[in-house]
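Here is the structure we will look at, set down as structure tokens.
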Amino acid sequence: MKIRTIIVDDEGLSRRGVELRLRTAPDFEILAQCASGREALAAIQQYKPDVVFLDIQMPGMSGFEVLAHLPQESLPVVVFVTAYDQYAIQAFEARAVDYLLKPIDDTRFAATLTRVREHARARTAADQRDRLLQIIAEITGCGELALDELLERGRKAIDGRRPEVLPIRQGRETVRVPVASIEWIDAAGDYMCIHATGDTHILRGTMKELEEILDPKLFQRVHRSTIVNLRLVRSLRAHMNGEYFLTLEGGHELKLSRTYRGKIEYFLSGSAS
1 MKIRTIIVDD EGLSRRGVEL RLRTAPDFEI LAQCASGREA LAAIQQYKPD
51 VVFLDIQMPG MSGFEVLAHL PQESLPVVVF VTAYDQYAIQ AFEARAVDYL
101 LKPIDDTRFA ATLTRVREHA RARTAADQRD RLLQIIAEIT GCGELALDEL
151 LERGRKAIDG RRPEVLPIRQ GRETVRVPVA SIEWIDAAGD YMCIHATGDT
201 HILRGTMKEL EEILDPKLFQ RVHRSTIVNL RLVRSLRAHM NGEYFLTLEG
251 GHELKLSRTY RGKIEYFLSG SAS
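Set out below in structure tokens:
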């Protein structure tokens, strides 16, 4: 399977550098190269790539602004390529898989390609699973939520003991974050952004690893890359365009993916208690 790729950078030499390195990876296919944010927005909407190598600082529209203009449920895998390291946390909060500093180191770039491949495979598997559930639901007349619950029962039970604190390494110290204080969690490549009591903590790990240790009666996915604390959900509301949003006690809004809407409504109704 080819990993369909777009390169975005306002500097021609930088685009060329990424292109030459990608040419040595036969499983990557370059669909387009863009010199501005607006070109990138049009190309991403047209080609729907698997991955975008995206510069941050560009005239007219930054890399972050490009992502903000795209549907959040169908974002490609993103690798930020920039000469500035001060955007690292913001990049991970924007769900970037990796963050490459210019000038690009070849060994570091190779590691990035490995990471992109892993995420591309995981995304393909998740899409296939969701599509399979949809097809089975259409054939059997059984709701996707009910099918998902049946699959859950068939999985190996996890030990009921759950941690009350998440230890998170920050520099030379370890911060102990009470699990009950976690409002929501965003996936940012191989890192998790843990949002708790107004602070954001960066934890290296995967959504799957966190799901295995967090209590599923309290923490559920609302998006492929977002987990929410159900106890801190204030309301669930629909917008005019048919999209659904969760409002947390702190006022933050999270978009609810259609894939998880039925399950979240099920848990919020108290049926799972």
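Take the sequence shown: its letter number 136 is residue 136 in this note's numbering, and every next letter is one higher.
Just so it is clear, CB atoms sit at the ideal spot from N, CA and C, and this is done for glycine as well.
Query raised in the report: Between which two residues does the beta strand (DSSP E) carrying residue 207 extend?
Result: Numbered from its first residue, the sequence shown carries residue 207 at position 207. Note, residue 207: premise wrong, no beta strand (DSSP E); alpha helix (DSSP H) at 207-213.
Query raised in the report: What's the gap between the Cα of residue 44 and the Cα of residue 6?
Result: One-based indexing of the sequence shown puts residue 44 at position 44. One-based indexing of the sequence shown puts residue 6 at position 6. Roughly 8 Å between the two C-alpha positions.
Query raised in the report: What are the boundary residues of the beta strand (DSSP E) that includes residue 234?
Result: Along the sequence shown, one-based indexing puts residue 234 at 234. Taken as a continuous stretch (DSSP letters only), the beta strand (DSSP E) holding residue 234 covers 233-238.
Query - Residue closest to residue 192, alpha-carbon to alpha-carbon, out of 199, 207 and 182 - result: Stepping through the sequence shown from its first residue, residue 192 is reached at position 192. Ranking the options by Cα distance to residue 192, first place goes to 207.
**Report entry** residue 52, DSSP secondary structure in three states
**Finding:** Working through the sequence shown from its first residue, we reach residue 52 at position 52. Reduced to three states, the DSSP call for residue 52 is strand.
Query - Candidates 194, 103 and 189: closest to residue 178 by CA position - result: Indexing the sequence shown from 1 puts residue 178 at position 178. Nearest of 194, 103 and 189 to residue 178, Cα basis: 194.
Report task. Give the single residue among 212, 55 and 117 whose Cα lies nearest to the Cα of residue 162. Result -> To locate residue 162, count along the sequence shown from 1; it is residue 162. The shortest Cα separation from residue 162 among 212, 55 and 117 belongs to 212.
Query raised in the report: Can you name, in chain order, every residue of its own chain whose Cβ lies under 8 Å from the Cβ of residue 237, other than the five neighbours on each side?
Result: Here the question's residue 237 lines up with position 237 in the sequence shown. Taken in chain order, the residues that qualify are 244, 245 and 247.
Query raised in the report: Span of the alpha helix (DSSP H) holding residue 104?
Result: Reading the sequence shown from its first residue, position 104 is the one you call residue 104. Secondary structure note for residue 104: it is in no alpha helix (DSSP H), with a DSSP letter that is neither H nor E.
Query raised in the report: Is the distance from the Cβ of residue 81 to the Cβ of residue 40 below 9 Å?
Result: Here residue 81 refers to the residue found at position 81 of the sequence shown. Here residue 40 refers to the residue found at position 40 of the sequence shown. No; because the gap between Cβ atoms is not below 9 Å, this pair is not in contact.
Query raised in the report: Quick one, which of 232, 64 and 3 has its alpha-carbon nearest residue 50's?
Result: Numbered from 1 along the sequence shown, position 50 holds the residue referred to as residue 50. Out of 232, 64 and 3, 3 has the C-alpha closest to the C-alpha of residue 50.
Query raised in the report: Is the distance from the Cβ of residue 168 to the Cβ of residue 210 below 9 Å?
Result: For this step, residue 168 is matched to residue 168 along the sequence shown. For this step, residue 210 is matched to residue 210 along the sequence shown. Between residue 168 and residue 210, the gap from beta carbon to beta carbon reaches 9 Å or more.
Query raised in the report: Among 12, 252, 101 and 239, which residue has its Cα nearest to the Cα of residue 229?
Result: Position 229 of the sequence shown holds residue 229. Minimum Cα distance to residue 229 is reached at 252.
Query raised in the report: If residue 72 and residue 263 are in contact, beta carbons under 8 Å, what's the gap, nearest whole angstrom?
Result: Counted from its first residue, the sequence shown places residue 72 at position 72. Counted from its first residue, the sequence shown places residue 263 at position 263. Not quite, the Cβ-Cβ distance comes to about 19 Å (not below 8 Å), so this is no contact.
Query raised in the report: Once you ignore the five residues that flank residue 34 on each side, which residues in its own chain have a CB closer than 6 Å to its CB?
Result: The residue labelled residue 34 in the question sits at position 34 within the sequence shown. 8, 40 and 43.
Requested in this report: Locate the alpha helix (DSSP H) running through residue 47, then write down its first and last residues.
Outcome: Looking up residue 47 in the sequence shown gives position 47. Run containing residue 47: 37-47, per the alpha helix (DSSP H) assignment.
Query raised in the report: From which residue to which residue does the beta strand (DSSP E) around residue 221 run?
Result: On the sequence shown, position 221 is the one that residue 221 refers to. 219-223 is the span of the beta strand (DSSP E), which, as asked, contains residue 221.
**Report entry** Residue environment, residue 242, which counts as buried when at least 16 other CB atoms sit within 10 Å
**Finding:** Sequence index remark: in the sequence shown, residue 242 carries index 242 (1-based). Counting Cβ neighbours within 10 Å, residue 242 comes out exposed, since fewer than 16 surround it.
Query - Simplified DSSP assignment, three categories, for residue 276 - result: Residue 276 is absent from the structure shown; the chain starts at 1 and stops at 273.
Requested in this report: Give the DSSP-derived three-state secondary structure of residue 70 in the structure shown.
Outcome: By one-based count along the sequence shown, residue 70 stands at place 70. In this structure, residue 70 counts as coil in the three-state DSSP scheme.
Requested in this report: Assign residue 112 to one of three DSSP states: helix, strand, or coil.
Outcome: Position 112 of the sequence shown, counted from the first residue, corresponds to residue 112. Residue 112 falls in the helix class under three-state DSSP.
Query - Helix, strand or coil at residue 201 [DSSP, three-state] - result: The sequence position of residue 201 within the sequence shown is 201, counting from 1. Three-state DSSP puts residue 201 in a strand.
Requested in this report: Whole angstroms is fine: what's the gap from residue 23's alpha carbon to residue 29's?
Outcome: Reading the sequence shown from its first residue, position 23 is the one you call residue 23. Reading the sequence shown from its first residue, position 29 is the one you call residue 29. Looking at the two C-alpha atoms, the distance is approximately 8 Å.
Query - Span separating the alpha-carbon of residue 36 from that of residue 57 - result: Against the sequence shown, residue 36 aligns to sequence position 36. Against the sequence shown, residue 57 aligns to sequence position 57. Near 10 Å, if we compare the C-alpha coordinates of residue 57 and residue 36.
Query raised in the report: Three-state secondary structure (DSSP) at residue 139?
Result: For the purposes of this step, residue 139 is taken as the residue at position 139 of the sequence shown. Low local confidence applies: a pLDDT of 48 at residue 139 is under 50, so the model's placement there is unreliable, with the coordinate-based value given in what follows. Residue 139 falls in the helix class under three-state DSSP.
Query raised in the report: residue 75 by DSSP, collapsed to three states: which one?
Result: Numbered from 1 along the sequence shown, position 75 holds the residue referred to as residue 75. Residue 75 falls in the coil class under three-state DSSP.
Requested in this report: Look up residue 264 in the DSSP assignment and give the residues it is bridged to.
Outcome: The sequence position of residue 264 within the sequence shown is 264, counting from 1. Partner(s): none; residue 264 has no beta bridge.
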